[in-house]
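Notes to accompany the following structure.
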Amino acid sequence: MSSTIFQFRMFSTAAAIAAFSFSGANSASAESVIRWMHVEQLPAAVSLWTEIAKEFEAKHPGVKIEMQFLENQAFKAKMPTLLQSKDAPSMFYTWGGGVLKAQAETGALRAIDTALDADGGAWRSAINPNAIDGLSFDGKVWASPTKSGLVSFYYNKEMFQKAGVDATKIVTWTDFLGAVKTLKDAGITPIAGGGLDKWPLHFYWSYLAMREAGQKGFADAKAGENEGFMAEPFVKAGQHLAELGKLEPFQNGYLGATWNDALATFGDGRAAILLGFESTPGTQASNSTSRKGLSEDNIGRFQFPTIEGAPGVVTDSFGGLNGWAVTKNAPPETEEFLRYMAGVDVQKRLAKDTQIMPVAKGASEAIEKPLLKDVAETLAKETWHQNFLDQDLGPNVGAVVNDVSVEIVSGGLEPADAAQQIEDAYSLERQ
Amino acid sequence: MSMSETTMPGRTYAAAKPRATPQRRKRSLKHSKWPVLILFLPPALLLFTVLVILPMGEAAWYSFYNWNGYGLPEQWVGWRNYQLIFRNGAFSQALINNGMIVVASILIQIPLALWLATMISSRIHGALFFRLIFFLPYVLADVAAGMIWRFVYDGDFGLVGGIAHLFGAEPPYWLADRDTAMYAILGVVIWKYFGFHMMLFIAGLQAIDKSVLEAADIDGATGFQKFRLVTLPLLGSTVRLSVFFAVVGSLQLFDMIMPLTGGGPSNSTQTMVTFLYNFGVTRMQVGFGSAVGVVLFVICVTLAFSYKRIFMRHD
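Protein chains in written order, with this note's numbering: chain A, 69 to 499; chain B, 6 to 320.
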C-alpha cells in the first residue's frame, strides 16, 4: 500500500519535472501569456485593441494575450504592490515621468532597448525620437511609446469675431493678455477654467515656465542647478500667471469648477477660450448642456504664445506622452507584440479610430479631422516635448505645482513663494 | 441556630443558600475561565491583531521613511514627516475645520434634532411621516449627498443659482469661495446627520417614564419647565452619546467633501481624512500619509477614551 503511494509520488514528481523542462525548452510553442493591463474606458479603443491582439495571436501560435482593466485611480493605487507580486502584468499603461522612473528603479521593469535596436534599429527608427526620449531615463528606454499629445488653446471663432480679436495675431504673452482684455471689454468671459481639479490651471504655469526657462533651463532646474525651481525664470512664470489672474479672465465660480465644467462652459459658448488637450474639440461637445457643443468649424486653435526675450520657442510643446512598460518577468513575446502595436499600420488604425496622436513616423496621415491634423502636424515639427509635470516631476511635486498654479492665479500666493514651494518639494526628490 | 433549624426549616434553607453561592461561583469561575478564554479569545484577538494592530504598527513604521510605495522603505527620515505635518498650513486648517464641524454639531445640529424629536416623538398626526422625511438624508450615501449638494450650490444651473436669478441677483458660488465653502459644507453636514441624532433622541424620549412627566404636570410645571427640568436631565445619556457620535463623525468626514470641494479652494475645506488622502495617497507619499494616519489615530483614541472617561462615565 505504502509503496504504491511512494511510486505514485515518484511518478507525479517525474511528470512534473518533465512537464517543466518541456515548457522551458519550447517556450515559443508552449502557451505563453502576455498579460496586458490598461486603464482605457473608451469602448472603441478597447475593441480595436482586442482586434489587434487577436491578429497578433493568429500570427504567433502559442501566444495568448489577456487584457486586464483597472480604473485609473485604482490602477495607480494598486501598481506599487502589484509590481512586486507574482501577479504583475506583462505590460501596463504608463504616463512616463517620475512614476515610471520610480518603477524602473525598483528593478521591476525591463528596458526595451535590445528590442528597439534589433534588426538594425528598425523599431527605434520608426518612432518619433522625442517620444522615445520622453520615456527614457539613465540612458535606457523604459516603455514603448504609443501616443503623444498636445496642450494648446482652443477658441470660439464667433466670439473672437464679435470682440474683434484676431487669433493669428496672438504670438506673444502680451498679445494674449491684450486679447483677454478685449474680450472682457466686449462683455465676453475670456477663459473657461477648472480650478477644482487644479491641473487644468497647471497647464498655464507649465507652459509659462517652459517659455521662460527653455529646454535647457528646465533641465537645469530638474538637475538642481542655478537654484533649481527658485531660479528667475520660474518666478517670472508665476508673475506672468499672476498678471493673467489680475484680469479676472475666468468664468464666475471657476475655483469650484471641474475640468468637465470648464468643457461645458466652453462648449455652451459661455467662455471664449480653453487651454485643452488635442481631444478637447470632441469632449467639449459631449460635456456641453446640449450634448452638441460648438460645431468643429466654429473652433479655432493657436499655440501657447511665447514670451519676448525668453528662450522658449513656439515649437516646444507640452502634452501627454503614454507608453507601455514591460515587467521583468514578462514573456519575451511582449516586446514583439509592442513592436507590432507601434508599427505604422497599427498606429494609423489607432489614430483613425481612436483619435490618438500617433508616435510612429508617417502615421498621422490617417487623421481626418482638420483640428486633429493640425495638432499632429505641429507635433511632427516639435523641438521639445515636455510631459505633464505631475507625471514628469512625480505625483508629489506635480501636486504642488497644481496647488500653486491655482493659488497664484487666484491671488492667494506670491510667485516667489510659489517657486520656493516647488523647489522645497522637488529638492526632496533629487536626494 | 439548631432551634431555628427545627422550627423553621424553610428559613434555614433560604439562609444557607446565600452563604454557599459566592463560594461556588468563585470556584466555578476559577475553573471555567481558562477554557472559555482559550476558546473565545483567539478569533477576536487574531482579527483585531491582523486588522487593527498590525496595520497601525506598519503605518507607524512607514511614517519614519520617505517612501513612495515602490520597493522597500529605505530612506529613514526620523521625525521629519511629523514635523512637516505640523508645519503644513493645510493640516492646521483641517484641524480647525474638524473643530468647526464638532462645534456646529453641538450648537446647531443637536439642538435642532432635539427640538424636532420633542415635537414628533408624541403621537401627533403625521409624526411618523415627518420622522421618515427627516431621517431620509441619513439613509443617502455620503458621496450621493455630496453630489446632490454640489448641484444645489451650483451658481449656473443649481437651486441656489436659480433662486438668485429669480431675484435678479448675481448668483453666488459658495463652494468656489475660500470664505464661504466651509460654511456651505457645514450646512450639508447638518442636513445629512440631524435626522440620525433626532432618531436617537426619539428613542431616548420614548424611554422616559410618562408618570414623571405627569407628576410634573400635576405640580403645575409649564411646557418649557418640563423640558428643562425633567426631559433634558433624563435625556442626558442620549445627548452625551449624540455628541460622541458627532465628534467621531467629524473625524471621519471624507466622502461627502470629496465630491463637494475635494478639500479646496485653497485647502479651506480639508478635514484630517481628506488631508491624508490629498497629501498622502494621491501624491504617493506613503511615509507622510502614514504619519498623518498615526496622528489621526492618536487624536481619535485620545478623544474617544477621554470623552468616555469624563462625560460617559455613568452611562
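Quick reminder that beta carbons are idealized off the backbone N, C-alpha and C, glycines included.
Between the region 38-52 of chain B and the region 326-341 of chain A, the count of Cβ pairs shorter than 8 Å is below three; the stretches do not touch. Beyond the five residues adjoining it in sequence on each side, B/D147 comes within less than 7 Å, by CB distance, of D260, M261 in the same chain, given in chain order. Counted as a single uninterrupted DSSP element, the beta strand (DSSP E) harbouring A/F160 occupies residues 159-162. CA-CA distance, B/P264 to B/N102, rounds to 17 Å.
Counting every other CB atom within 10 Å of its CB across the protein chains shown gives B/R318 a total below 16, marking it as exposed.
Among the residues facing chain A, B/M289 is included, as its CB has a counterpart in that chain under 8 Å away.
For A/R103, DSSP records a beta bridge to A/E134. The three-state reading of DSSP puts A/D485 in helix, counting H, G and I together. For A/W392, the enclosing beta strand (DSSP E) has its first and last residue at 389-394. A/W273: member of the alpha helix (DSSP H) spanning 267-291, first to last residue.
The beta-carbon of A/A170 is placed less than 8 Å from the nearest beta-carbon of chain B. Chain-order list of chain B residues neighbouring A/Y322: Y178, A181, by C-beta distance under 9 Å. By the neighbour-count criterion, in which a residue is buried when 16 or more other Cβ atoms sit within 10 angstroms of its Cβ, B/E79 is exposed. If you ignore the 5 residues before and after A/A448, its C-beta comes within less than 8 Å of the C-beta of N196, S432, all in its own chain and listed in chain order. The C-beta distance from A/G263 to A/Y322 rounds to 5 Å, short enough to fall under 8 Å. A/M425 sits in a strand when the DSSP states are folded into three classes.
The residues L457, D458, in chain order, have a CB closer than 6 Å to that of A/G466 in the same chain once the five nearest residues on each side in sequence are set aside. Residue contact check for B/T266 against chain A: a CB pair falls below 8 Å. Contacts with chain A at 8 Å (Cβ-Cβ) do not include B/N93.
Across the set A/A260, A/A486, A/Q352, A/E123, the C-alpha of A/A260 shows the shortest separation from the C-alpha of A/P317.
Note that the C-beta distance between A/I490 and A/V474 is not below 8 Å. Rounded to whole angstroms, A/D471 and B/Y70 show a C-alpha spacing of 24 Å. Note that the C-beta distance between A/K215 and A/P426 is below 8 Å. A contact between stretches requires three or more CB pairs, one per stretch, nearer than 8 Å, and the region 336-345 of chain A fails this requirement with the region 193-209 of chain B.
Contact between the region 364-375 of chain A and the region 402-421 of chain A is absent: fewer than 3 CB-CB pairs across the two stretches fall below 8 Å. According to DSSP, A/Y223 shares a beta bridge with A/I341, A/G368.
Under the three-state reduction of DSSP output, A/V233 falls in the coil class, being neither helix nor strand. Neighbours of B/Y67 in chain A, taken as residues at a C-beta separation under 8 Å, are lacking, since the least C-beta distance is about 12 Å. In the displayed model, A/A260 falls within coil according to three-state DSSP, outside both helix and strand. At a cut-off of 8 Å, the C-beta of B/Y282 has no neighbouring C-beta in chain A. A residue is called buried when at least 16 other Cβ atoms come within 10 angstroms of its Cβ; A/N140 does not meet this threshold and is exposed. Around the beta-carbon of A/T236, fewer than 16 other beta-carbon atoms lie within 10 Å, marking it exposed. The DSSP-derived three-state label of A/Q141 is helix. For B/W179, there is no enclosing alpha helix (DSSP H), as DSSP gives it neither H nor E.
Looking only at A/Y223, A/V303, A/R103, the smallest Cα-Cα distance to A/Q488 is reached by A/V303. The straight-line gap separating the alpha-carbon atoms of A/A291 and B/F316 is approximately 57 Å.
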